[in-house]
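Notes follow the structure.
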Amino acid sequence: MLASAKIMVKNNIRKSLLEQGQLLSESFALDANTKIQQTVIKNVDLLSCKNALLYFPFKNEISLSLIIDELEKYGSNIYMPKITACNDLKFNLFKTNEVLKKNKYGIKEVKNSNFLDPEKFDIMFIPFVGVDKLGYRLGYGGGYFDRTLGKIMNEKKRPIFIGLGFDYQILNINFGESHDIKYDFVMSEMRVLSFN
């Protein structure tokens, strides 16, 4: 019963946050996107990131175009998430002129099969719907990132997990569970939070 109550709570939070996201004005979202990316560039040592996971923004997720430009300047390898036919999450090498296709959720993916294992990343930017006060991630509910990264969550040598989002998505409640990804840092248009 406890597990199903937790799922209901998370579903209600997810629904509420997604509805709030639809109310954002375009000018606010654009301004916040730029601010958040500039905060990353100022606060994260992108120069020493050989392998970085980014994502193609979906719905109201923060754009990463400025971060991509910065990483490309340093010659970093950029990877993007891809859902395989077996419903696994893999991470594909991305080049600027890459041919993209949309997956079953309408999210862009890279078509190649140059994959990198999760433990070989220096940094991972992982999108979220919400974050609780301890840094636990709430996604869309598919569990792809949780299943894929769960194996390396507690490893000593693992990538830095960073979440980027709007300040309203950072909640002052606990809803995280042991299988949820916990961020090292979350950055919004208003603040930088560390959960180390």
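So the sequence shown is numbered by my numbering: it starts at 233 and just counts up by one.
Even glycine gets a Cβ: it sits at the ideal position worked out from N, Cα and C.
Separation of residue j from residue i, as counted between CA atoms
{"i": "V363", "j": "L348", "result": "26 Å"}
{"i": "L446", "j": "A235", "result": "A question about residue 446 goes unanswered here, because the residues of the chain that appear run from 233 up to 428."}
{"i": "Q239", "j": "Y368", "result": "The question names Gln, yet the displayed sequence has Ile at residue 239. If I take the Cα positions, the gap works out to 14 Å."}
{"i": "M233", "j": "G307", "result": "In this prediction, M233 has a pLDDT of 44, which is less than 50 and means its spatial position is unreliable; nothing more can be read from the coordinates."}
{"i": "Y376", "j": "K305", "result": "30 Å"}
{"i": "K247", "j": "G373", "result": "11 Å"}
{"i": "K389", "j": "N335", "result": "31 Å"}
{"i": "N428", "j": "F417", "result": "8 Å"}
{"i": "N329", "j": "S280", "result": "24 Å"}
{"i": "F360", "j": "G395", "result": "7 Å"}
{"i": "V331", "j": "L381", "result": "26 Å"}
{"i": "H411", "j": "K242", "result": "14 Å"}
{"i": "N283", "j": "G253", "result": "30 Å"}
{"i": "M419", "j": "S345", "result": "31 Å"}
{"i": "L256", "j": "L249", "result": "11 Å"}
{"i": "D378", "j": "I413", "result": "6 Å"}
{"i": "K327", "j": "F353", "result": "17 Å"}
{"i": "R423", "j": "N275", "result": "11 Å"}
{"i": "S259", "j": "E251", "result": "18 Å"}
{"i": "Y415", "j": "K322", "result": "19 Å"}
{"i": "E421", "j": "I384", "result": "29 Å"}
Proximity of residue i and residue j at Cβ, strictly below 8 Å
{"i": "M312", "j": "F288", "result": "yes"}
{"i": "I392", "j": "I355", "result": "yes"}
{"i": "L366", "j": "N404", "result": "no"}
{"i": "L509", "j": "I245", "result": "There is simply no residue 509 to check, as the chain begins at 233 and stops at 428 in what is shown."}
{"i": "I273", "j": "L296", "result": "no"}
{"i": "E387", "j": "E409", "result": "no"}
{"i": "I300", "j": "N265", "result": "no"}
Neighbour flag for residue i against chain B, beta carbons, 8 Å
{"i": "T328", "result": "Judged by its chain identifiers, the structure shown contains no chain B, having just a single protein chain."}
Cβ distance (whole Å) where residue i is taken to contact residue j below 8 Å
{"i": "N292", "j": "A261", "result": "7 Å"}
{"i": "L303", "j": "L278", "result": "6 Å"}
Report yes or no: do the region 328-346 and the region 392-411 share at least 3 C-beta pairs separated by less than 8 Å? Result no; under three Cβ-Cβ pairs closer than 8 Å.
Pairs of beta-carbons, one from the region 305-320 and one from the region 256-271, closer than 8 Å: are there three or more? These segments do not touch.
Starting from the N-terminal side, write out each stretch of the beta strand (DSSP E) that is 3 residues or longer and does not extend beyond the region 296-381. If only uninterrupted beta strand (DSSP E) runs of at least 3 residues are considered, those enclosed by the region 296-381 are 309-315, 321-326, 332-334, 340-342 and 355-357.
Contiguous alpha helix (DSSP H) assignments of at least 4 residues, all confined to the region 250-295: Runs of the alpha helix (DSSP H) inside the region 250-295: 258-275.
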